[in-house]
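Residue numbers (the numbering used here), protein chains in the order written: chain A, 325 to 639; chain B, 325 to 639.
There are 2 protein chains.
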Amino acid sequence: MARIAIVGTGFVGRAWAISYARAGYDIALWDQDADAARKALDYIVGVLPDLAANDLTDGQAPEVILDRLKPVARLAEALEGVDHVQENTPENLEVKRAVFAELDRLAAPEAVLASSTSALLPSAFTEGLPGRRRCLVVHPLNPPYLIPAAELVPAPWTSPETMERTADLLRRAGHAPIVMKREIDGFLMNRLQGALLEEAFRLVADGYASVEDVDIGLRDGLALRWSFMGPFETIDLNAPGGVRDYVLRYQQIYSNIFPSMQRRVDWAGPVIETVEADRRKRLPPSDLGRRAMWRDRQLMALAAHKRRTRRELGD
Amino acid sequence: MARIAIVGTGFVGRAWAISYARAGYDIALWDQDADAARKALDYIVGVLPDLAANDLTDGQAPEVILDRLKPVARLAEALEGVDHVQENTPENLEVKRAVFAELDRLAAPEAVLASSTSALLPSAFTEGLPGRRRCLVVHPLNPPYLIPAAELVPAPWTSPETMERTADLLRRAGHAPIVMKREIDGFLMNRLQGALLEEAFRLVADGYASVEDVDIGLRDGLALRWSFMGPFETIDLNAPGGVRDYVLRYQQIYSNIFPSMQRRVDWAGPVIETVEADRRKRLPPSDLGRRAMWRDRQLMALAAHKRRTRRELGD
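See below:
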């Protein structure tokens with residue numbers, strides 16, 4: 325079983341800790357704020373019973389998982405003998421550079437150094453390091469213990485072995501690793517999300533549809549098939565001869581609308597008033613926290629549903 | 325209860341027939357090919373037991389639903405006393421113009437005339453009609469008896485009453501109508517799908533990720549939350565202060581990547597070889613039909629799951 329250090333135990337770090345500990349890995353929790361690792365553990369104590377009740381702990385009792393999590397006071401201690409470091413410090417280039425220099429100096433040479441960053445390219449904070457071949461980005465969607473996909477992003481110098489070992493570590497933890505071939509701003513998921521959001525904001529800004537109608541179009545429409553097949557398999561099954569047939573039949577529709585997607589609407593401009601008015605009408609500010617808990621329960625129920633259909637209908 | 329005429333009973337028409345008949349509406353099936361309506365009925369006979377077995381017929385026996393479906397030989401007969409016409413003829417402007425002229429001439433003045441077209445704007449084939457105020461597009465995702473969303477698209481002259489009556493008819497059939505405010509190429513869902521697909525094809529063509537990795541990014545990542553919340557609610561819950569807070573924190577990431585989305589990759593160019601090779605490796609051509617049945621079973625299971633969570637967790 326692997327030993328893992330979680331470096332930075334805030335919102336993202338504590339969630340990774342749950343995912344890795346559930347997989348049977350031994351976890352050291354370290355944060356530069358001495359209290360933070362303790363607080364993360366308190367949070368995890370609260371979440372585990374919910375996961376167990378939703379059959380999302382592989383039959384393990386919460387205590388068994390908790391036993392694998394150890395807050396430690398010194399970074400060097402957290403890094404002792406680890407196979408994988410998951411770094412979750414603030415999204416600031418200078419911070420990442422300093423942290424990765426220290427990780428590379430302190431961690432055993434065979435340890436992989438992975439950053440959870442969503443905004444910075446791995447090349448930007450690992451170039452000068454002696455151990456840069458073992459550095460990469462492993463970016464989750466939140467929370468990773470409920471969302472399997474995580475994207476592995478190499479810098480130009482990241483070794484293939486680093487990518488393979490990390491993909492394997494994630495797979496053994498029930499994750500679905502996306503193994504990117506080279507780095508690009510936004511990685512894969514935020515680029516796809518961004519492309520869709522740009523069109524969503526444009527449609528609302530230009531007065532074609534309401535905020536709620538966009539959400540209906542996904543939650544009662546497009547995202548149903550995508551939630552178990554993805555977009556390529558969806559179009560592969562949407563023409564009798566498969567994806568090539570689909571492209572030959574329908575590409576014209578999409579290439580016709582492409583020119584009207586070249587203009588960016590400022591999301592923080594007038595359209596945000598429309599978007600926020602609609603959202604706050606449906607969900608008052610005081611209910612945001614409660615609704616986030618509802619979302620996590622929905623994600624748990626969906627994870628259980630997908631496991632069931634995988635058993636009954638196959639992958 | 326409403327009376328509905330299905331005009332054109334192929335792939336799309338027969339699926340609408342199931343959705344409307346399940347809602348209790350009386351359905352006349354007409355197709356210019358005299359055999360087609362009969363064949364559509366045979367198809368429906370095959371599907372209904374599956375729907376009943378998945379608790380997707382509101383407890384109604386298949387025979388009860390079948391009783392509401394009547395193939396008729398003459399168009400005038402199909403249109404007698406109808407409240408709503410759902411037209412599903414070939415995606416050809418001249419055909420649509422001719423069909424709509426005939427529908428407008430033959431149908432009682434209070435009937436709504438709805439086209440299932442995905443490719444043509446309603447203004448393009450209804451402008452010259454005396455009854456153009458009652459014409460619109462009602463575009464489903466396939467199959468509509470498993471996917472609630474359907475987009476209502478007005479021509480500039482479509483009356484508000486036509487939009488309201490149609491939205492109401494769909495809601496009573498368990499649909500989630502998207503009520504667009506004005507027409508635009510691609511409507512809402514194909515525009516959102518297209519925006520995402522453009523980025524998906526670009527990422528594969530430029531060698532950043534595999535076809536399968538894009539699908540993982542949706543089916544194990546982005547589409548999980550979207551499948552019960554949609555993209556606006558997702559970002560509303562992804563920052564402590566709601567959607568405005570999200571936009572202020574993260575818009576920069578998206579505006580940075582926008583310029584790299586201005587170039588269109590020809591989907592039928594070299595990239596289609598990569599896409600097809602990957603898809604055909606995972607799914608041989610002979611398995612496309614079997615896989616489409618798997619997709620429909622997945623959609624049925626997901627519909628049942630969403631009904632259950634709505635009951636247990638609320639909307």
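Even glycine gets a Cβ: it sits at the ideal position worked out from N, Cα and C.
For a contact meaning CB atoms closer than 8 Å, what does residue i contact in chain A?
i, result
"Tyr469 of chain B", "Ordered by position in chain A, no residue passes the 8 Å Cβ test against Tyr469 of chain B, which lies about 13 Å from the chain."
"Glu600 of chain B", "Gly566, Val567, Arg568"
"Phe582 of chain B", "Gly518, Glu522, Arg588"
"Tyr578 of chain B", "Gly510, Asn514, Gly518, Leu521, Glu522, Trp591"
"Cys603 of chain B", "Here residue 603 of chain B is Arg; the residue named in the question, Cys, does not match the sequence. Residues of chain A passing the Cβ test: Phe556, Glu557, Asp560, Gly566, Val567."
"Ser439 of chain B", "Going along chain A, no residue has its Cβ under 8 Å from Ser439 of chain B, so there is no contact; the nearest lies around 15 Å."
"Gly541 of chain B", "Ala473, Glu475, Ile502, Leu512, Met513, Leu516, Gly554"
"Val396 of chain B", "Simply none; closest approach about 28 Å."
"Ser551 of chain B", "Leu542, Arg543, Ala547, Leu548, Trp550, Ser551, Leu626"
Using a Cβ cut-off of 9 Å, pull out every chain B residue sitting near residue i, in sequence order please.
i, result
"Pro609 of chain A", "Gly565, Gly566"
"Gln575 of chain A", "Asp590, Trp591, Ala592"
Which class does residue i belong to by DSSP, given the choice of helix, strand or coil?
i, result
"Glu488 of chain A", "helix"
"Ala364 of chain B", "helix"
"Pro277 of chain B", "In this structure chain B extends from 325 to 639, so residue 277 of chain B is not present and cannot be described."
"Trp550 of chain A", "helix"
"Asp350 of chain B", "strand"
"Val589 of chain A", "coil"
"Ala601 of chain A", "helix"
"Ala326 of chain A", "coil"
"Val371 of chain A", "helix"
"Ala473 of chain A", "strand"
"Pro478 of chain A", "strand"
"Pro380 of chain B", "In the sequence as presented, Pro is not what sits at residue 380 of chain B; that position holds Leu. The answer is coil: DSSP assigns Leu380 of chain B none of H, G, I, E or B."
"Ile508 of chain A", "coil"
"Leu527 of chain A", "helix"
"Leu417 of chain A", "helix"
"Val336 of chain B", "helix"
Just the C-alpha distance for residue i and residue j, rounded to the nearest angstrom, thanks.
i, j, result
"Gln384 of chain A", "Ala376 of chain A", "7 Å"
"Thr558 of chain B", "Pro454 of chain B", "44 Å"
"Ser579 of chain A", "Met585 of chain B", "14 Å"
"Ile389 of chain A", "Ser343 of chain A", "10 Å"
"Asp530 of chain B", "Leu542 of chain B", "19 Å"
"Ala500 of chain B", "Pro468 of chain B", "10 Å"
"Gly545 of chain B", "Leu516 of chain A", "11 Å"
"Asp590 of chain B", "Glu523 of chain A", "20 Å"
"Ala345 of chain A", "Arg458 of chain A", "22 Å"
"Arg568 of chain B", "Ala592 of chain A", "7 Å"
"Thr285 of chain B", "Asn514 of chain B", "Because chain B is modelled from 325 through 639, residue 285 of chain B falls outside the range shown and cannot be assessed."
"Trp550 of chain B", "Leu607 of chain B", "26 Å"
"Gly498 of chain B", "Arg621 of chain B", "19 Å"
"Leu403 of chain B", "Ala352 of chain B", "8 Å"
"Val396 of chain A", "Gln356 of chain A", "10 Å"
Of all Cβ atoms in chain B, is any one closer than 9 Å to the Cβ of residue i?
i, result
"Met585 of chain A", "yes"
"Met504 of chain A", "yes"
"Gln622 of chain A", "yes"
"Asp537 of chain A", "yes"
"Gly348 of chain A", "no"
"Arg338 of chain A", "no"
"Val436 of chain A", "no"
"Ser534 of chain A", "yes"
"Ala625 of chain A", "yes"
"Asn416 of chain A", "no"
Say whether chain A places a C-beta atom closer than 9 Å to the C-beta of residue i.
i, result
"Arg362 of chain B", "no"
"His629 of chain B", "yes"
"Leu637 of chain B", "yes"
"Gly370 of chain B", "no"
"Gly554 of chain B", "yes"
"Thr333 of chain B", "no"
List, in chain order, every chain B residue whose beta-carbon is nearer than 7 Å to that of residue i.
i, result
"Ile389 of chain A", "Per Cβ cutoff of 7 Å: no residues; Ile389 of chain A is ~22 Å from chain B at best."
"Val571 of chain A", "Trp591, Ala592, Ile596"
"Thr633 of chain A", "Gln622, Ala625"
Could you tell me which chain A residues have their CB closer than 7 Å to the CB of residue i, listed as they occur along the chain?
i, result
"Pro472 of chain B", "Asp544"
"Ala443 of chain B", "Ile577"
In chain B, which residues lie with their C-beta within 8 Å of the C-beta of residue i?
i, result
"Ala616 of chain A", "Leu561"
"Gly531 of chain A", "Lys505, Arg506"
Three Cβ pairs or more, each shorter than 8 Å: is that satisfied between the region 483-490 of chain B and the region 359-370 of chain B? Touching, no.
Evaluate contact between the region 584-599 of chain A and the region 561-577 of chain B, counting only Cβ atoms and requiring at least three cross-stretch pairs below 8 Å. When Cβ pairs closer than 8 Å are counted between the two stretches, the region 584-599 of chain A is seen to touch the region 561-577 of chain B, the count reaching three or more.
Contact between the region 605-617 of chain B and the region 548-563 of chain A: three or more CB pairs below 8 Å? At 8 Å Cβ cutoff, the stretches touch.
Are the region 454-472 of chain B and the region 422-440 of chain B touching, with three or more C-beta to C-beta distances below 8 Å? The region 454-472 of chain B, when compared against the region 422-440 of chain B, does touch it at the 8 Å Cβ threshold.
Using 8 Å as the cut-off, can you tell me whether the region 417-431 of chain B makes contact with the region 443-457 of chain B, which would need three or more C-beta pairs spanning the two stretches below that distance? At 8 Å Cβ cutoff, the stretches touch.
Stretch pair the region 353-362 of chain B + the region 329-339 of chain B: three plus CB contacts closer than 8 Å: Verdict: yes, contact present.
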